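Going down the list, the protein sequences come from chains H and G.
Start counting the first sequence at 1; every next residue gets the next number (the working numbering).
Start counting the second sequence at 1; every next residue gets the next number (the working numbering).
Cβ coordinates follow ideal geometry from the N, Cα and C atoms, glycine included.
Predicted model only: the values in this text are computed from it and were never measured.
Here's the structure, in C-alpha cells; my notes come after.
There are 2 protein chains.
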Amino acid sequence: MLHTEVVGAIRAMLLEGEIPPGARIPERELCDKLQISRTPLREALKVLAVDGLVQLLPNRGARAAKLTDKDLRDLFEVCQGLEALAGELACERIGDAQVATIEAAHIEMAQHHREGDLAGYYRCNRLIHEAIVAAADNPVLSGLYESVTARIRRARYVTPMTPERWALAMQEHDAILNMLKRRDGFGLAHILHTHLRHKREEVIRAGFAEDGRMSEIDR
Amino acid sequence: MLHTEVVGAIRAMLLEGEIPPGARIPERELCDKLQISRTPLREALKVLAVDGLVQLLPNRGARAAKLTDKDLRDLFEVCQGLEALAGELACERIGDAQVATIEAAHIEMAQHHREGDLAGYYRCNRLIHEAIVAAADNPVLSGLYESVTARIRRARYVTPMTPERWALAMQEHDAILNMLKRRDGFGLAHILHTHLRHKREEVIRAGFAEDGRMSEIDR
DNA sequence: TTTGGAAATTTTGAATGCAAAATTGCGATT
DNA sequence: AATCGCAATTTTGCATTCAAAATTTCCAAA
C-alpha cells in the first residue's frame, strides 16, 4: 500500500517541521527522497491538502501550510468544541477501567507537575485528552480530532507555561477527573471547553504563529 | 483545474445518490463518463476517501460509502458539537444585519410550517443553520461542518416529521432566534445541541441507514 | 549597471504504458 | 449437475511520457 505510506511519511515530515512551514515542496526532490514516482506522491499531496497540511497552488506546486494566528485561533476553537463533545459522550459511555487508566495518568501527571517536568507532564496530558476522545466511541469524532490536533500539536505541547498557568491547568485537570468519575457530561464538557480556551490564549500570547514576514523566495 | 472539478463532479454523484451507496466505482467507466484519464480520477477518489464519501479497498477499487446506523449516530453527534460551537462563537461575532437575515429566514420558515410546506421549511431551515455557522467566522469549523453535514444531508432534509415533532422543532427554532438576538452563546449552544439530538433520534427512528442486507454482488 | 524580453530549462498536470493482483470463464473431474 | 482448478481477461497500482505552464537564463539595449 504505497500510497498510504507516502501520506504518512510526508505528514510526519510536515508535523516534525522537517519540511518547514511555508516551504515549497518540489515534487521531484521528494520523489527522489522517498524513492517513488510522481503519481503516488501527487496523490498524497492532494490528500494532505484536504486536511490542511499542504497548500496546493494551481500550476505552481505545493507548499507546506503555515499556521497564522487566525489559523491557530480557529483550530483551537474547533478543538474546544470537539473535546467538549467528547467529554460529554465519554461520560455516557466510559467504563470504570478506562476511568482508572485516566486516573493513573492523572496521578503521574500531577507528580510531573510537582517535579517541574514539563515534557513528562505534557506526555500524560496528551494521553488523558486522547483517552477521553477515545472513550466517546465515535470514529468520526476521533478522526476529526486527530486531524485538528495534529496541526496544533507543536503549539500545544511545546509552549512553556508560567507557574501560575501550570497550576491552574492542574486544577482544571483535577476538575476534569472529578467530572469524569461522576459521569457529569455537562460539567466535563464545560471544564474541557474552558481548559482549552485557556490553552489557546496562552499559545497565542506566546506568539507561536508561523506567519512571520515572508522572505522573497517564499512567495 | 481538472482535478478540483472531478472531485466536485463525483461528490455530487455520490450525494445525489447517482452512484448508490455501497456500489462499486469502476475507474474505467467513470473515466469514460467524465471524459478524463485515470490519473485525475484516482486522485479525486483518494481525496473523497479522506472525507469518508468513498471507501478504498486495496487492489480492489473504490466503492461509495454506506451510512450505517452507527455512522449516522456518529455524524449527527459531531454535527451537534460543531453547531453548538458555532452558535457560541456566532453570538460573540454576529452583526445585527446577519441576525436580521436569519430572522427573515425564520419568519419565512414559520410560514412554511403553518402551510405544511416541508420542502420550503427545510430550505429555510438549512439557510438558518448555515448562517449561524458562517457567523462563527471560523473557516476550519465551516469546512468540517460542510463535510459532515454533506454526508447526512439527505437524511436530515428528507426524513418526514410528525406534526408534533415539527411543532417542537419550530419551538426550538423560536428559542434559537431568541438566544441569537440576546447574544446568549451558552444558551444557543445548548438549544442547538438539543435540537440536533432530536433530529438525530428522529432520523435514526425513521431507519434512514443505508446498511441493509447486502446482496452477493455488493461484496 | 540596470532593465526588458525572448529562448532555454524546469516543473506541473494529465495521458498512456506496464506489471501485478483480482476477477471471470471454461472445462475437467467427481 | 455441481465443484474445483487453471487459463484468459479485466482491473488496479505505479512508472513513464508528453504537452502546457511557469521559472530561469542570458543577452541586448537604454
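What is the C-beta distance between residue i and residue j, in whole angstroms, given that I count them as a contact (C-beta under 8 Å)?
i: H/ILE19; j: H/ALA64; result: 5 Å
i: H/ILE36; j: H/LEU2; result: 7 Å
i: H/GLU27; j: H/ARG42; result: 7 Å
i: H/ILE10; j: H/ALA49; result: Wrong, their Cβ atoms sit about 11 Å apart, outside the cutoff.
i: H/LYS181; j: G/LYS46; result: That pair is no contact at about 43 Å.
i: G/ILE61; j: G/ILE25; result: Correcting the residue type first, residue 61 of chain G is Gly in the shown sequence and not Ile. Confirmed, Cβ separation roughly 7 Å.
Short check: CB of residue i to CB of residue j, under 7 Å?
i: H/GLY185; j: H/CYS91; result: yes
i: H/LEU177; j: G/LEU144; result: no
i: G/ILE191; j: G/ALA135; result: no
i: H/PRO21; j: H/LYS70; result: no
i: H/ALA169; j: H/LEU72; result: no
i: G/ASP74; j: H/VAL140; result: yes
i: G/GLY120; j: G/HIS129; result: no
i: G/VAL6; j: G/PRO40; result: yes
i: H/GLY81; j: G/GLY81; result: yes
What are the start and end residues of the beta strand (DSSP E) that includes residue i?
i: G/ALA189; result: First-last for G/ALA189: 185 to 205, but that is the alpha helix (DSSP H), not the beta strand (DSSP E).
i: H/GLY61; result: 61 to 64
Report all residues from its chain with a CB closer than 8 Å to the CB of residue i; omit the five preceding and five following residues, and keep chain order.
i: G/ARG219; result: The predicted position of G/ARG219 is uncertain, since its pLDDT is 47 and thus under 50; no value can be drawn from it.
i: H/GLU202; result: THR159, MET161, ARG165
i: H/GLY17; result: ARG154
i: G/ILE152; result: LEU67, LEU72, LEU75, PHE76, CYS79, VAL203
i: H/ARG183; result: CYS91, GLU92, ILE94
i: G/SER142; result: VAL133, ALA134, ALA136
Less than 6 Å between the CB of residue i and some heavy atom of the ligand NAP, yes or no?
i: H/LEU168; result: This structure does not include the ligand NAP; it has no bound ligands of any sort.
Going along the chain, which residues of its own chain have a beta-carbon closer than 7 Å to the beta-carbon of residue i, five neighbours each way excluded?
i: G/GLY87; result: ILE132, GLY185, LEU188, ALA189, LEU192
i: G/TYR157; result: TYR122, ARG126
i: G/ALA206; result: THR159
i: G/SER215; result: Model confidence at G/SER215 stands at a pLDDT of 45, short of 50, so the residue's coordinates are unreliable; what they give is reported in the following sentence. If we look at G/SER215 and ignore the five residues flanking it on each side, it has no Cβ neighbours.
i: H/ALA23; result: ARG63, ALA64
i: G/ASP96; result: none
i: G/ARG197; result: GLN80
i: G/ARG213; result: Only weak support exists for where G/ARG213 lies, its pLDDT of 46 falling under 50; the coordinates are left without a value.
i: H/ALA150; result: LEU15
i: G/MET179; result: GLY187, LEU188, ILE191
Looking at the strands, I want to know which residues DSSP matches up with residue i.
i: H/LEU57; result: H/GLY61
i: H/ILE25; result: H/ALA62
Would you give the residue range spanned by the alpha helix (DSSP H) that residue i belongs to?
i: G/ALA169; result: 163 to 181
i: G/PHE76; result: 69 to 93
i: G/ILE107; result: 96 to 115
i: G/PRO139; result: 139 to 158
i: G/GLU43; result: 38 to 50
i: H/ILE128; result: 118 to 135
i: H/ILE10; result: 2 to 16
Leaving out the 5 sequence neighbours to the left and right, which residues in its chain are closer than 6 Å to residue i when beta-carbon positions are compared?
i: G/ASP137; result: ARG93
i: G/GLU108; result: CYS124
i: G/ALA105; result: CYS124, LEU127, ILE128
i: H/ASP211; result: LYS66, THR68
i: G/ARG200; result: PHE76
i: G/GLN98; result: ALA135
i: H/CYS31; result: ARG38, LEU41
i: H/LEU118; result: none
i: H/ASP221; result: Absent from the structure is residue 221 of chain H, since the part of chain H shown begins at 1 and ends at 219.
i: G/HIS195; result: GLU172
i: G/GLN55; result: ARG63, ALA65
i: H/ALA175; result: ILE191
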